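Heads up: the sequence shown begins at 2 in our numbering, then just goes up one per residue.
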Amino acid sequence: MNISWYINDAEILPSLTNGIQIRTTLYRLPTDTTNDMLRVRSVLTARVTQALFRAGKLRLRCTATVDPLYKESDDREIQEDAPQLALIMVSTARSYNGTNLSATVCHSKLLIVILLIIQTSYWRWIGVISSTDNR
């Protein structure tokens, strides 16, 4: 059984992780005692930086293989969180005894509030793949 992780089509090699941790565990299913069914769980943990995004997107793939019998792959595309503008209209016009004071005292104002939506600096991707491993 081999589990491979890819970020933007580049394989993450254990020797060149650059702060990326891959933890893979293999365990037997407790309900299956006759077929030697095994389950593999692989967890990729990484610190996300803007350098990982290409054109605002990060492509993540997990591939499981049991040569030559089985190959399964799952791809995910993650959008980069970018700062977004939020426009909020605030009217300060007031009337007193039917007189509109907005022309003389209070002019209507457009208040632009910039809300920065900061992406979470840590994310976690969990791939769970089940297969039969004949040993």
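Ideal placement from N, C-alpha and C gives every residue a C-beta, glycine not left out.
All figures in this text were calculated on a predicted structure; none of them were measured in a lab.
Among the options, which residue has its Cα nearest to the Cα of residue i?
i	options	result
residue 79	12, 11, 55	55
residue 20	71, 47, 5	47
residue 45	69, 68, 10, 25	25
residue 9	68, 61, 67, 27	61
To the nearest angstrom, report how far apart residue i and residue j are at their CA atoms.
i	j	result
residue 7	residue 81	17 Å
residue 14	residue 71	21 Å
residue 2	residue 57	33 Å
residue 36	residue 43	22 Å
residue 39	residue 49	31 Å
residue 22	residue 69	27 Å
Residue range of the beta strand (DSSP E) that residue i falls in?
i	result
residue 3	3 to 8
residue 75	71 to 80
residue 55	Per DSSP, residue 55 belongs to no beta strand (DSSP E) and is neither H nor E.
Residues bridged to residue i by DSSP?
i	result
residue 26	42
residue 66	3, 72
* Asked: Should the segment 42 to 55 be regarded as contacting the segment 67 to 78, the criterion being three or more beta carbon pairs within less than 8 Å?
  -> no
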